[in-house]
Amino acid sequence: MCGRFVSASKPEKIAEYFGAAFDGETLGENHNVAPTNDVYAVVAGPDGEPRLEVFHWGLIPVWAKERKVGQRMINARAETLASKPAFKGVFKRHRCIIPMDGFFEWQAGQPGGPVTKAGKPAKQPMFINRLDGEPLAVAGLWSAWRDPTAEPGTFLHSATIVTTAANATMSKIHDRMPVILPQARWATWLDPENQDIETLSGLLIPAPDDLLTIHPVSTDVNNVRNKGPELIEPTGPPLD
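Once you know that position 147 of the sequence shown is 291 in our numbering, the rest is easy, because the numbers rise by one and skip nothing.
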């Protein structure tokens, strides 16, 4: 899964990297983006050109009766996008790219290692980013939900992160990872006219084993109130 990530780049820089237009809301630096936070996503605009916009993290299906449904839909498994009622419609028409500077995952506690107050092996937070320092282009889906308690015509735009099986690098700490799209596949993924499920599903594969690097970080990241850059500072050597 992917439950926390880093979004510290300015929107103008993100937009330039993805060749997207931007004239919307500016979010502050956040080194600990958590579910229900607002996030940036690249989508195809009305003219078909990419745009950088702000979305609520946690997809709210159009049929949902209340906003909190999105809390259970921060991730979407690539293997079931075409069959899950919450995702199959937006998989065809509403795809996006969620830019990240990196993301966090928690490695299971090890025997003989630190323990929690309850005496159980403590999980070790890890920061994962690209070896070359470039942003991650993570596959996502989005939806426009009409809040029944809001004024008519008011929609909340929300998004979810698509995950797939872990590659060899990620499998050292977890069995899932976000789908990271190479630049050559961005346009195919974003094109709303492309509804070829077989082709789109073929993009949802693990990243190359040599793309990412992983290092341990402080357990301060466990607290969502902590947002600073110190959260990604290594507390030990990178994983081999």
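Every residue gets a Cβ at the ideal spot worked out from N, C-alpha and C, and that includes glycine.
A281 sits in a strand when the DSSP states are folded into three classes. Residue burial annotation: T313 is buried, with at least 16 other C-beta atoms found within 10 angstroms of its C-beta. Counted as a single uninterrupted DSSP element, the stretch harbouring E223 is not any alpha helix (DSSP H), since DSSP gives it neither H nor E. At the C-beta level, T180 and G202 come within 7 Å of one another. In the structure shown, D167 falls within a coil segment according to DSSP collapsed to helix, strand and coil.
At the C-beta level, C146 and V187 stay beyond 7 Å of one another.
For L334, the three-state secondary structure derived from DSSP is helix. Taking the CA atoms as reference points, F162 sits about 30 Å from V213. When the alpha-carbon of P322 is set against those of G277, I158, F248 and E193, the nearest one is in F248. Residue environment for R237: exposed (fewer than 16 other C-beta atoms within 10 angstroms of its C-beta). With a threshold of 16 other beta carbon atoms within 10 Å, Q268 meets it and is buried. Look at P326 here: in three-state DSSP terms it is coil, with no helix or strand label.
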